[in-house]
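A.B. asks: Residue 1509 in our numbering sits at position 119 of the sequence shown, and the numbers go up by one each step.
Dumping the structure here so I can ask a few things about it.
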Amino acid sequence: MATPSVRIAPEGPAGPVPALVFVPDDPPPSLPLVLLGHGAHLGKDEPTMQMLCGALTAVPAAVAIMDAPLHGERRPPGREDDEWEADVLAAVGDPAVHAQVAAEWPLVTAAARAAVPRVTGPVAYAGFSMGSILGLSVVGDLPEVRAAVFAVGGYVTEARPHADRVNVLIRAGIPRLRDREVLMVNMTADESFPVGRAIEVLEAIPGPCSMHLYVGGHRDLPPGAMPGIVRFLRRALAR
């Protein structure tokens, strides 16, 4: 598991934003920055998310991951797991939460640049699952982000709670991506993000875009997907 280089907690509109910044071994003098949006019910300190951060440093880039609202250090105390899980599902469809995330990523970006002086290069976004939902909604409002990866995401199945509200927010965010280059990474049998609905998102993206498609369900994203994501980010950040 990768070891975080720096812990940061810039002050945001709803209080401190707990985040980590990962730096590759033997980094070059100037590093781009990848903002990593984690999945629902996870967080910056989860081993799986830290492994993703470590993998993405191979771009080479610094990688910043923050606890999304209600996650990690921001999980409200005293909530039972089932109550908290319901809160998270509702929050993903809440426009105020999306606005909060849009306001917090620039603060995390600035704090990462201040904490790691090598982080002087361009910025990309990589979101997984819930991180894809939030990314599709807010990346268009992040001026520094020049390219994005949306993995195991897209329009959510109508069987999911609050699906209508979530999909409205995604639909509103897609045109704001403008000319940013986008890679979608999806699964053929994703039970949360049907592949047909993911293709609808792909076809609506206004700028250059592509999709990597793998066989399996939502939790079956293979390790072999990461080299393609890294190559995409390396090329997009080198432009």
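We treat Cβ as the ideally placed atom computed from N, Cα and C, and that holds for glycine.
1) Figure out for me which residue from Ile-1523, Gln-1490, Arg-1397 and Phe-1540 has the closest Cα to the Cα of His-1602.
2) Between the Cα of Thr-1447 and those of Pro-1414, Leu-1410, Gly-1544 and Lys-1434, spot the shortest distance and give me the residue it belongs to.
3) Starting from Ala-1493, trace the alpha helix (DSSP H) both ways and give me its first and last residue.
4) Between the region 1463 to 1473 and the region 1546 to 1561, can you find at least three pairs of beta-carbon atoms closer than 8 Å?
5) I'd like to know whether the C-beta atoms of Val-1542 and Ser-1527 end up nearer to each other than 7 Å.
6) Cα separation between Trp-1495 and Thr-1578?
7) Could you confirm whether any beta carbon from chain D is found closer than 7 Å to the beta carbon of Pro-1512?
8) Would you mind working out which of Leu-1442, Pro-1408 and Ala-1430 sits nearest Val-1424, comparing C-alpha positions?
9) What first and last residue would you give for the alpha helix (DSSP H) that runs through Gly-1618?
10) Determine the extent of the alpha helix (DSSP H) in which Arg-1561 is found, giving its start and end residues.
11) In terms of residue numbering, what span does the beta strand (DSSP E) encompassing Leu-1460 cover?
C.D. replies: In brief:
1) Nearest option by C-alpha distance: Phe-1540.
2) When only C-alpha atoms are compared, the closest one is Pro-1414.
3) 1485 to 1505
4) Fewer than three Cβ pairs drawn from the region 1546 to 1561 and the region 1463 to 1473 lie within less than 8 Å of each other, which leaves the two stretches out of contact.
5) no
6) A direct Cα-Cα distance of roughly 31 Å separates Trp-1495 from Thr-1578.
7) No chain D appears in the structure shown, which is made up of a single protein chain.
8) Leu-1442
9) 1615 to 1628
10) 1553 to 1563
11) No beta strand (DSSP E) contains Leu-1460, which DSSP labels as neither H nor E.
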